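Report on one structure; see the data block that follows.
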Amino acid sequence: RAAQGRAYGNLGNTHYLLGNFQNAVVSHEQRLLIAKEFGDRSAERRAYSNLGNAFIFLGEFEMAAEYYKRTLQLARQLKDRAVEAQSCYSLGNTYTLLQDFEKAIDYHLKHLVIAKELSDRVGEGRACWSLGNAYTALGNHDQAVHFAERHLEISRELGDRN
Amino acid sequence: FHRMNLMQVDSVQRWMDDLMVMTECE
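Going line by line, the protein sequences match chains A and B. Just so we're aligned: 1050 in my numbering is position 17 of the first sequence, and the numbers increase by one with no gaps anywhere. Just so we're aligned: 40 in my numbering is position 6 of the second sequence, and the numbers increase by one with no gaps anywhere.
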């Protein structure tokens, strides 16, 4: 049964990489079921992430947000700050797709705090870039400029000419 | 993204490009 769980996970990832997102969801749902049977919270957390990602490409952003929230909850329980940061970043982007910019900002700010704590300059730059765009969408140009300037500063430091 | 200005979503587009090849492995 444990091997079956891993096989479902690998199958889900293969469907995903082939662009078969509906099949990926079916496999990852089976993986999730088996992870829960075993009380394997790391595998459960991975299944939530993979399901969230697949729902993004199916255009089902509300479902994606639900799975990313479960990922975030488990990342906090497992005290995995890197995964917590990644979940917040995913949620910020998902709420941008849902055009809920207030929530998008909330999650991008959470991502920014953790990226700083982990000295992740690339993550910090991405958070600032995302925040600049979200504040622009809300018409808050002062904050948009503030984050665009920080994004520029970090991009220069990283030598990211693009 | 039809209702949004491209400038507002370039960061989302970049995230999705990365996401396309991102899987949590067993």
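Every residue, glycine too, gets a C-beta built ideally from N, C-alpha and C. Fair warning: this is a prediction, and the values are worked out from it, not measured in the lab.
Asked: Does the stretch 1135–1152 of chain A come into contact with the stretch 1160–1169 of chain A, if we say contact requires no fewer than three beta-carbon pairs (one atom in each stretch) closer than 8 Å?; Found: yes
Asked: Taking only three categories from DSSP, how would you classify A/Lys1136?; Found: helix
Asked: What first and last residue would you give for the alpha helix (DSSP H) that runs through A/Glu1095?; Found: 1094–1110
Asked: Using a cut-off of 9 Å between C-beta atoms, extract the partners of A/Leu1050 located in chain B.; Found: Met54, Val55, Thr57
Asked: With the cut-off set at 8 Å, would you say A/His993 and A/Gly1156 are in Cβ contact?; Found: A question about residue 993 of chain A goes unanswered here, because the residues of chain A that appear run from 1034 up to 1195.
Asked: By Cβ distance, which residues of its chain are closer than 7 Å to A/Ala1035, with the 5 residues on each side in sequence left out?; Found: Phe1071
Asked: Any contact between the stretch 1087–1094 of chain A and the stretch 1110–1117 of chain A? By contact I mean 3 or more CB pairs, one from each, below 8 Å.; Found: no
Asked: If we cut at 8 Å on Cβ distances, does A/Ile1089 have a partner in chain B?; Found: yes
Asked: Taking DSSP as the reference, what is the three-state secondary structure of A/Glu1062?; Found: helix
Asked: Quick check: what's the CA-CA separation for A/Thr1127 versus A/Phe1094?; Found: 6 Å
Asked: Thinking A/Phe1180 and A/Cys1161 are a contact (beta carbons under 8 Å), I'd like their distance in whole angstroms, please.; Found: 5 Å
Asked: What's the gap between the Cα of B/Glu60 and the Cα of A/Leu1151?; Found: 25 Å
Asked: Let's test the definition: count the other Cβ atoms within 10 Å of the Cβ of A/Leu1107 and tell me whether it reaches 16, buried, or not, exposed.; Found: buried
Asked: Short check: CB of A/Gly1045 to CB of A/Ala1057, under 8 Å?; Found: yes
Asked: I'd like to know if B/Leu40 contacts chain A, where contact means its C-beta is closer than 8 Å to some C-beta of that chain.; Found: Residue placement at B/Leu40 cannot be trusted, given a pLDDT of 48 that sits under 50; the coordinates are not used to answer.
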